[in-house]
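Below you'll find the structure, written out as structure tokens, and then a few comments.
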Amino acid sequence: MQRAIIEPNPTPPADSKAASPSKPGSLLQHPNSVAAEVRNLRKIYNVGSPQAHEALKDVNLSIRANEFFTLLGPSGCGKTTLLRILGGFEMLTSGTCRIFGEDVSRLPPEARPVNTVFQQYALFPHMTVRRNIAFGLEMLGKPKAEVERTVERMLDLVHMREYADRRPDTMSGGQRQRVALARALAPQPKLLLLDEPLSALDLKLRQKMRLELKSLQRETGITFIFVTHDQEEALAMSDRVAVISNGHLQQVGTPEDIYEQPQSRFVADFIGESNLIEAKVADSAGSEAAFDIEGFGQVQAPIGQRVEVGQQVWLSIRPERLVLGAVHREGPQATVTDRTYLGNAVEYHLRAGKHALTARSPRGGLRGRQDFAPGDAVSLGFEPGSIKVLLS
Amino acid sequence: MIERRFQLRWPLGASGSLLMLWALPVILLLAYVLPFAGVTLWSVTRPEPGFENYVRIVTGADFQAIFVRTAWVCLLSTAITIPIAYLLAYYWVMGSARRSRLIEICIFIPFWISVLVRAFGWVVILRNNGLASDVAAAFGLNGLSTGRNVWSVITGMVHFMVPFAILPMASVMRKIDSRVLLAALGLGCRPLGVFWRVYLPMSLPGVFSALAMTFIFSLGFFVTPMILGGGRVVLTAESVFVQMFQTANWGLGAALGVVLLVVVFAILWLSQRVMRIEQLMSR
Amino acid sequence: MFGRSRLGGFFAGLAGLFLLLPLVAVIPFSFTPKRFLSMPDGEYSLRHYLAIFDPDTWLASIGTSTLVAILSSVIATALAAAFSIGIWLRRPASGRFLIGLVLLPIIVPPVTSAVALYFLLAQIGLLDTIPGLVLSHVVMIVPFSVIAILGALSRLDRNLELAARNLGASQLQSIFRVILPNIRFGLFAAWFVSLVMSWEESSVTLFVSGVNVITLPKRIWDNLRLDLDPAVAAISVIMIVATTLVILLRKSET
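Residue numbers (our numbering), protein chains in the order written: chain S, -10 to 381; chain P, 113 to 395; chain F, 311 to 564.
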């Protein structure tokens, strides 16, 4: 089940030279090739001790070149561990980890063509901005003139020229963030890892930096692997998102896929909000099935997989796709228990039999929709295709 | 292939940091722990094989007298040190900025000055015909015994240990949240009550570590007692020196050193037990 | 604030005076014009300060102490830095045990340490030599350096090292270009503390040297044991003044 969700298994290129044909200096790299790939990856901390903890359980994933790829999940789900394994800060327990075709499982961090933007930036406090950015280039043994040229270019790229000779501890969070980006981009890595880089910033700045990061990725053409627990951030910036929970890869797909076609209860619940309702298959015919919901009635929904009559499943409906109406016809009904005004929308808390549901309509009462008060009885309508059937 | 970067590497590859880590422990094992094993060997082989030395230490009336004297001199000086140190630590941490600065200077000047110089200062004050007897004479207290006796030794030891005892207490006191004290005041507790019922219990862990440290320190040093006692108030640590260099009885000196070490470790072990119990009870 | 009673403040003041008393008491004695230790009555002299410059006795001992203190503090700081950084980088399972081992010389009674070091130097024939004394001092002062450096490292962001490695620095490069520069104040403190500790070391020094190699504490000790030379008072005053100046200067800086 898990494996089926994941990937159309891209075979790794047999010839590792073919995987990285570009010169180190060129910015646009390998369209359509695989930037990073992990196979059967497991990570167990404290192997053999009573505190042994399996952080990653058989993860398979491949990330394309030039992609803005996000690892999304709640804290402690293993996303940071995966990032640290890619960066070489953590050794994997079993499986393989390839970067542009080369197996890097045993390489120390300094031998990998990967740079990282750390959570609290980890800027060198004893160096100026300029020296921070130059560090990676100097470690590569680049000639002095080239180092200087690249540093200048990076300063312009992140708009930090006027701060070039200041030290990190005199700067704001957003400025440090830019310096950290410039420092990580200067050696022109093939892969940029970002470990929750926006979490230390306040809301407004975070939203601004989202746009900057996205355009930076487009400008440089470097593959970004971004770790976050903030689903909004993930949906706003990514080309593709991998949802991780409890060491398992739950689903990989575009933000639309993940939001519109969740494949498990976890994803439906973690990304945005969902009403999750337990149901039984009453009848199935081809691509459609009917489901019995206790104390509620029957609903129809399209199905992606085969289901057996009598099988227990979960139905997921987004609150904004639950349409409330006056009680005038047959069908599922509910009682409003609470109404919350949210500014751009109104949220209704409903009770239908033993189920608690949430519905959200944009500015209740407007756009032809009725407004309701607590205690009102309402009929429930579902927009076509809004019910997702989840087997796990 | 990924380009290999220019690298300055360990001469021994990845084991470089292992070498770095182990250099000091290995040196200490060879130059400190191993010789200590040799000392233990001395204690059972000199002057002849057997436990003669330990038997003498345990049963000899002279050594028993030394041990008893050591125990009460150390207990007494610890008992005097702790309240003085507590008082200073308290005003260092809680006092007004000016007083706090003055106390800090009073603590750290002696702290950094050689134990010999400090003992010498007390010799000047306490010896016969010294400052103290002059002052006493001025008050008509002629014939007050000063000079080389137990009280001089205790004075010198207390003076040596107070700055050391202040540090653990002050570090615990610094962590006490002053809002807790305000809360107690707000609940109607009188200031002195806040001290006895809130502040003192909260600072006790610091007092315990200062207690253990002071007592252990006092057992082990011999410079101050030798100068201020002048050979008349021989404590255990001093008797090691005497056995080694004055009576050239190396085996006996070594055995005394071993006994001292065992006692110190026993006290450490005990004080850790006590602190753990104390932590359990405070929960 | 609560509980700043006048009585308590008064006793704290007395306790502070008690700590300074013996240091102040020696000052007048250093100016006595007499040959023996006495309170000068009306007449003052600097003759005992001049005696310090006798190249055969006091000056020689000051030189010996300085040499031993510089050598052993530099060696101790280097070893302590290597050890502490090793612990910080590798976080070995045996870390607690290793730190315990290294801190042993602080916990073990100084006499016992002195007997052990005496045994060692007797075995390898370094009793009463400069190298032997330096070795003994390194053992005794290295725990203080380790404490200072481990303290500095515990305040260092672990990600700094990862960032350096990530940018292509080898472990050795990250140590020299990132870790060491960021703990430089801790290193200096470690070196300074061990310098002072070695300069003042008396308990082990009395066991392992004394005839050919005479440090300043050893010479003061001999003078205190045999006759009370006022030169001890002069030396003491110089040390007290120097210490006070350093402490006051450091205070005014911060």
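Cβ coordinates follow ideal geometry from the N, Cα and C atoms, glycine included. These figures come from a predicted structure and were not determined experimentally.
Rounded to whole angstroms, the Cβ separation of F/R529 and F/S371 is 4 Å, and the two are in contact under 8 Å.
Proximity of the segment 323 to 342 of chain P to the segment 379 to 386 of chain P meets the contact definition, three or more beta-carbon pairs being nearer than 8 Å.
Within the segment 115 to 132 of chain S, the residues whose Cβ lies closer than 7 Å to any Cβ of chain F are, in chain order, H115, F124, G125, M128 and L129.
The DSSP-derived three-state label of S/I306 is strand.
A residue is called buried when at least 16 other Cβ atoms come within 10 angstroms of its Cβ; P/D246 does not meet this threshold and is exposed. Taking C-beta atoms under 8 Å as the contact rule, F/I524 and F/I395 fail to qualify, at a distance of about 36 Å. Three or more Cβ pairs closer than 8 Å define a contact, and the segment 229 to 242 of chain S meets that threshold against the segment 53 to 61 of chain S.
Counted as a single uninterrupted DSSP element, the alpha helix (DSSP H) harbouring F/H358 occupies residues R357 to A361.
The shortest C-alpha to C-alpha distance from F/A474 to any of F/L466, F/R465 and F/I485 is the one to F/I485. When the beta-carbon positions are compared, S/P291 and S/E277 come within less than 8 Å of each other. Just measuring C-alpha positions, the residue of S/T85, S/E79 and S/L265 sitting nearest S/P98 is S/E79. Between S/A345 and S/L369, the CB-CB gap reaches or exceeds 8 Å. DSSP, read as helix, strand or coil, puts S/L182 in strand. By alpha-carbon distance to P/F272, the top candidate from P/I169, P/F377, P/A143 and P/I219 is P/I219. With its beta carbon at least 8 Å from every one in chain F, S/A171 lies outside the interface. In this structure F/S512 does not touch P/L368 by the C-beta definition: roughly 19 Å separates them, more than the 8 Å allowed. Between the segment 488 to 507 of chain F and the segment 295 to 309 of chain P, the count of C-beta pairs closer than 8 Å stays below three; the two stretches do not touch.
For the segment 16 to 50 of chain S, the full-length beta strand (DSSP E) segments reaching 3 residues or more read 23 to 34 along the chain. Between P/W234 and the set F/I457, F/P415, F/I337 and F/P350, the nearest pair of CA atoms involves F/I337. With fewer than 16 neighbouring CB atoms inside 10 Å of its own CB, F/A403 falls in the exposed class. For S/K68, the closest C-alpha among the options S/T243, S/V216 and S/G364 is that of S/V216. Residue contact check for F/A390 against chain S: no CB pair falls below 8 Å. For P/F148, the neighbours in chain F by C-beta distance under 7 Å run, in chain order, A426. Contact of F/R406 with chain S by beta-carbon distance below 7 Å is absent, the smallest such distance being about 15 Å.
With the criterion set as a beta carbon lying under 8 Å from some beta carbon of chain F, the members of the segment 130 to 144 of chain P are L130, M132, L133, W134, A135, L136, P137, I139, L140, L141, A143 and Y144, in sequence order.
In this structure, the alpha-carbon of S/S161 lies about 16 Å from that of S/F107.
Burial is judged here by how many other beta carbons sit within 10 angstroms of a residue's own beta carbon; F/S504 has at least 16 and is buried. Spatial neighbours of P/A197 in its own chain (CB-CB distance under 7 Å, excluding positions within 5 residues in sequence) are listed in chain order as V274, A277, I278, M281 and A322. The beta carbon of S/E151 is closer than 8 Å to none in its chain, skipping five residues each way along the sequence. Around the Cβ of S/A54, a 10 Å sphere holds 16 or more other Cβ atoms; the residue is buried. F/Q483 has its alpha-carbon roughly 49 Å from the corresponding atom of S/E249. At a cut-off of 8 Å, the C-beta of S/A279 has no neighbouring C-beta in chain F. Taking a cut-off of 8 Å for Cβ pairs, the segment 207 to 217 of chain P and the segment 288 to 295 of chain P do not touch, as fewer than three such pairs fall below it. At least 8 Å separates the CB of F/F341 from every CB of chain P. DSSP lists S/V27 as the beta-bridge partner residues of S/C86. Note that the segment 139 to 158 of chain S does not touch the segment 84 to 102 of chain S; fewer than 3 beta-carbon pairs, one per stretch, sit closer than 8 Å.
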